[in-house]
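Some notes on the structure that comes next.
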Amino acid sequence: MNKLLIGVATLILLGCNTEIKKENNKNKQNPKTEINGEIKVLNFGTAHLSQTSDANSSQIDLSDPNEKADLKKLVEKIVEFNPTIICLELEPINNDYIASTYSEYIKDQTKRLNYSDELNSIGLEVARLSGTKRIYGIDSQTGFDYPSLVEIANKKITDSLYISQVMDNYQRVNALKLKEQFRTINTRDYKMETFDLYNFLATQHTTGNQEGVDEITKFYQRNLKMYSNFNDIEMTENDRIFILLGATHTAYFDIFLENSPKFRLENPNEYNDY
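Put into structure tokens, the structure is as follows:
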């Protein structure tokens, strides 16, 4: 009888060990391919601080000592996020160029990316101060005929009034000092206003045509391609990702990211509080 009890107990114990091994194997994570938790993302909208093809551009003057001081404080605040990956508004084809320039920039801050200066003054500087090793371009350049849609909208009084109001607000924000401008463009209201503008432009067309849909589809496609480029990056739940994009792209990325179970969005204005 005792031998029988010992045999049964042994079988139970072996069965339990097998289940434990199965559970442990199931919980093992390949950091390159499996993500079990949410990845923290700081999706940060920026004004273009130098050259840009945008129809409306910032008037921030970085030769102003006060503006420079505020930019330094902003960078130091973002460094507190401790990013492990930084994504910039450059195409992935530039990744080798970004890496080589960054390796020089670490030693000499006059070595800079030859693009709009926020990539250097914010992107590379945050990387340098936080010790981030991984910096990637995620942009996907696509042109579209924005002015032609505004021209169609201006033929209707109510549509023209809406365009005028949005453009007036853009000009107001672009004239703000750096601290207030960055704080404003990272609010939910501002991002949704710029998001809605593009949706509105998609409704503009001449009789029997769909010019608005055709043109804005190109812009949607650009943002979706950017999101696809972003998702091509190997990342795990231990990563903290800082995305630096123009405010309109940030609005699209907010929607993409907040509806993905893979990511958790940080509040960008916590990093504008300095």
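Residue numbers (the numbering used here): 7 to 280. Every residue, glycine too, gets a C-beta built ideally from N, C-alpha and C.
Contact with chain B by residue i, beta-carbon distance below 8 Å
{"i": "I169", "result": "Although the question refers to chain B, the structure presented lacks it and comprises just one protein chain."}
Cβ distance (whole Å) where residue i is taken to contact residue j below 8 Å
{"i": "A159", "j": "D165", "result": "4 Å"}
{"i": "L96", "j": "D145", "result": "5 Å"}
{"i": "L155", "j": "Q227", "result": "So it is not a contact: roughly 16 Å between Cβ atoms."}
{"i": "L55", "j": "E131", "result": "That belief does not hold up - the Cβ atoms of L55 and E131 are roughly 12 Å apart, past 8 Å."}
{"i": "D245", "j": "T90", "result": "5 Å"}
{"i": "E243", "j": "G43", "result": "4 Å"}
{"i": "Q65", "j": "A253", "result": "Not quite, the Cβ-Cβ distance comes to about 15 Å (not below 8 Å), so this is no contact."}
Sub-8 Å separation of residue i and residue j beta-carbons
{"i": "F269", "j": "I45", "result": "yes"}
{"i": "F87", "j": "E272", "result": "yes"}
{"i": "T190", "j": "V179", "result": "yes"}
{"i": "K79", "j": "Y280", "result": "yes"}
{"i": "Y277", "j": "L48", "result": "yes"}
{"i": "L251", "j": "F259", "result": "yes"}
{"i": "I247", "j": "C93", "result": "yes"}
{"i": "R134", "j": "I112", "result": "yes"}
{"i": "L77", "j": "L184", "result": "yes"}
{"i": "N235", "j": "P98", "result": "yes"}
Beta-ladder partner(s) of residue i, from DSSP
{"i": "T190", "result": "DSSP, once it has assigned bridges, lists no residue as partnering T190."}
{"i": "T52", "result": "G252"}
{"i": "F269", "result": "I45"}
{"i": "L94", "result": "G143, L250"}
Residue closest to residue i, alpha-carbon to alpha-carbon, out of the options
{"i": "Y103", "options": "I91, K117, T90", "result": "K117"}
{"i": "E157", "options": "R228, I169, E110, A53", "result": "I169"}
{"i": "T148", "options": "Y277, H255, T242", "result": "H255"}
{"i": "I128", "options": "F50, S106, I163, K162", "result": "F50"}
{"i": "A257", "options": "G137, L207, E199", "result": "E199"}
{"i": "E240", "options": "S136, Q187, Y142", "result": "Y142"}
{"i": "A53", "options": "L167, E110, P98, F188", "result": "F188"}
{"i": "F206", "options": "G218, Q115, F225, S122", "result": "G218"}
{"i": "T213", "options": "K197, K161, I66", "result": "K161"}
{"i": "E186", "options": "E82, F201, N275, K231", "result": "N275"}
{"i": "Q115", "options": "Y121, N126, A105", "result": "N126"}
query: Taking the runs of the beta strand (DSSP E) that are 3 residues or longer, which of them lie wholly in the stretch 137-188?
result: 140-143
message: Give the list of continuous alpha helix (DSSP H) stretches no shorter than 4 residues that lie fully inside the stretch 210-257.
response: 217-237
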